[in-house]
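Visitor:
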Amino acid sequence: MSETDQPSIAVQPLTRHIGALIDGIDLTRPLGATQVAELRRALLAHQVIFFRNQPISLDQHLALGRHFGSLHVHPNSPGPEGYPEILQIHADENTRRIAGDRWHSDVSCDVEPPMGSILHLHTLPSHGGDTLFSSAYAVYESLSPGFRRYLEGLSATHDGEPTYRQRNRLRGIDDTGRRFPKASHPVVRTHPETGRKGVFVNANFTTHIDNVPAAESEGILRLLFERFAAPEYQVRWRWEPHSIAFWDNRACQHLAVWDYYPEVRSGYRVTISGDKPYL
Ligand code: SIN
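Just add 46 to the spot in the sequence shown (first one is 1) and you have my numbering.
Dropping the structure here:
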């Protein structure tokens, strides 16, 4: 079948604001330009897209990510031997803190934070282990025009050090002398492809709003973090073995639910490089 003969993907929105289930595509096979363009369109429209029953290899996972940009190497957890761009996501009975247990946009502490992430889970607990996604556009659009204008004049600091050092300490990793990314980004960013505005602060990496009194920074961040935690801006993804979630870090945040200890949940993430946020 030539690329032009391939059927179009089916896109089923899952909520009003965020998330769509994609059908009619086999990610274990090479993708054509039309399919890649359709996936990109669906991602931009829905902020996170989901797939069922896609038992991809690490090389197929990397190839999928490379269709959307160059790949990112995690600043705290580079991948296994020979696969620096693979981030292993794994929890079992020895885990003391899972990855992604607070609302966040991946590695937002980078000067150029990742554009997107593709997570493939092959092993799931008997129940639970869902991932929640919350729309940065919906949060922005929920605010009053005056408050939006106020936020548009602000930047905030995103620091990797507190979260990565805590994670390393819990894993028994000595990170003495290591330096972690830190960056200041606009509190509201304009998506470079859709042109829509979204709130870009998160509970995992954002330490403070720049150049305002501490009490004001804490109050603003608390309000914004609570908006991301509001269920009406979210989609909740229930994993099955070999499901995939592909999210746009410029337009949404996510949170992994750790309600399955001591069971195993395991898979791999490929992260796509992004660019410097702007208002
Ligand atoms: C992550 O933040 O990439 C982990 C998400 C998950 O494990 O569901």
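Think of the CB as a built atom: it goes at the ideal place given N, C-alpha and C, for glycine as much as any other residue. Computed from a prediction, not measured in an experiment: that's the story for all the values here.
For residue 312, tell me which candidate among 83, 166, 61 has the shortest Cα-Cα distance.
Guide: The candidate whose alpha carbon is nearest that of residue 312 is 166.
Visitor: From 253, 276, 213, pick the residue whose C-alpha is nearest to that of residue 229; which is it?
Guide: Ranking 253, 276, 213 by Cα distance to residue 229 puts 253 first.
Visitor: Are the Cβ atoms of residue 179 and residue 81 separated by less than 9 angstroms?
Guide: Result no, Cβ atoms of residue 179 and residue 81 do not sit closer than 9 angstroms.
Visitor: Am I right that residue 107 and residue 316 are in contact with their C-beta atoms under 8 angstroms? What's the rounded C-beta distance?
Guide: About 5 angstroms separates the two Cβ atoms, so the contact holds.
Visitor: In this structure, how does DSSP classify residue 193 when only helix, strand and coil are distinguished?
Guide: In the structure shown, residue 193 sits in a helix (DSSP, three-state: H, G or I).
Visitor: Sorted by chain position, which residues of the same chain lie with C-beta nearer than 6 angstroms to residue 50's C-beta, five sequence neighbours on each side aside?
Guide: Since pLDDT at residue 50 reaches only 42, below the 50 mark, its modelled position is unreliable, and no value is offered.
Visitor: In its own chain, which residues sit with a C-beta less than 7 angstroms from the C-beta of residue 104, not counting the 5 before and 5 after it?
Guide: Once the five neighbours on either side are set aside, the close Cβ partners of residue 104 are 129, 132, 314.
Visitor: Hey, out of 266, 145, 242, whose CA is closest to residue 200's CA?
Guide: Considering only alpha carbons, the answer is 266.
Visitor: Rounded to whole angstroms, how far is the Cβ of residue 162 from the Cβ of residue 318, which I believe are closer than 8 angstroms?
Guide: Contact flag correct, Cβ pair sits at about 5 angstroms.
Visitor: If we ignore side chains and look at the alpha-carbon of each, how far apart do residue 302 and residue 146 end up?
Guide: About 5 angstroms.
Visitor: What's the gap between the Cα of residue 231 and the Cα of residue 258?
Guide: Residue 231 and residue 258: Cα-Cα distance of roughly 15 angstroms.
Visitor: Runs of 3 residues minimum, wholly inside the stretch 97-139: which ones carry the beta strand (DSSP E) assignment?
Guide: Here the runs fully enclosed are 132-137.
Visitor: Give the DSSP-derived three-state secondary structure of residue 92 in the structure shown.
Guide: In the structure shown, residue 92 sits in a helix (DSSP, three-state: H, G or I).
Visitor: Excluding sequence positions up to five away, which residues of its chain have a Cβ less than 6 angstroms from the Cβ of residue 139?
Guide: The residues are 308.
Visitor: Just to check, is the beta-carbon of residue 163 closer than 8 angstroms to a non-hydrogen atom of ligand 1?
Guide: Yes, Cβ of residue 163 sits closer than 8 angstroms to a heavy atom of ligand 1.
Visitor: Are the CB atoms of residue 227 and residue 121 nearer to each other than 9 angstroms?
Guide: Yes, Cβ-Cβ distance for residue 227 and residue 121 is below 9 angstroms.
Visitor: What is the residue span of the beta strand (DSSP E) that residue 314 lies within?
Guide: Counting along the chain, the beta strand (DSSP E) containing residue 314 begins and ends at 311-318.
Visitor: For residue 85 versus residue 102, is the C-beta distance shorter than 9 angstroms?
Guide: Their beta carbons are not under 9 angstroms apart, which means residue 85 does not touch residue 102 by this criterion.
Visitor: Measuring straight from C-alpha to C-alpha, what distance separates residue 218 and residue 149?
Guide: Straight-line Cα distance between these residues: approximately 24 angstroms.
Visitor: Looking at the structure shown, is residue 277 part of a helix, part of a strand, or coil, going by DSSP?
Guide: It is helical.
Visitor: Under the three-state reduction of DSSP, which class applies to residue 64: helix, strand or coil?
Guide: Coil at residue 64, not helix or strand.
Visitor: For a minimum of 3 consecutive residues, which ranges assigned as the beta strand (DSSP E) are wholly contained in the stretch 204-238?
Guide: Segments of the beta strand (DSSP E) lying fully in the stretch 204-238: 228-232, 234-236.
Visitor: What is the DSSP secondary structure of residue 80, counted as helix, strand or coil?
Guide: Residue 80 falls in the helix class under three-state DSSP.
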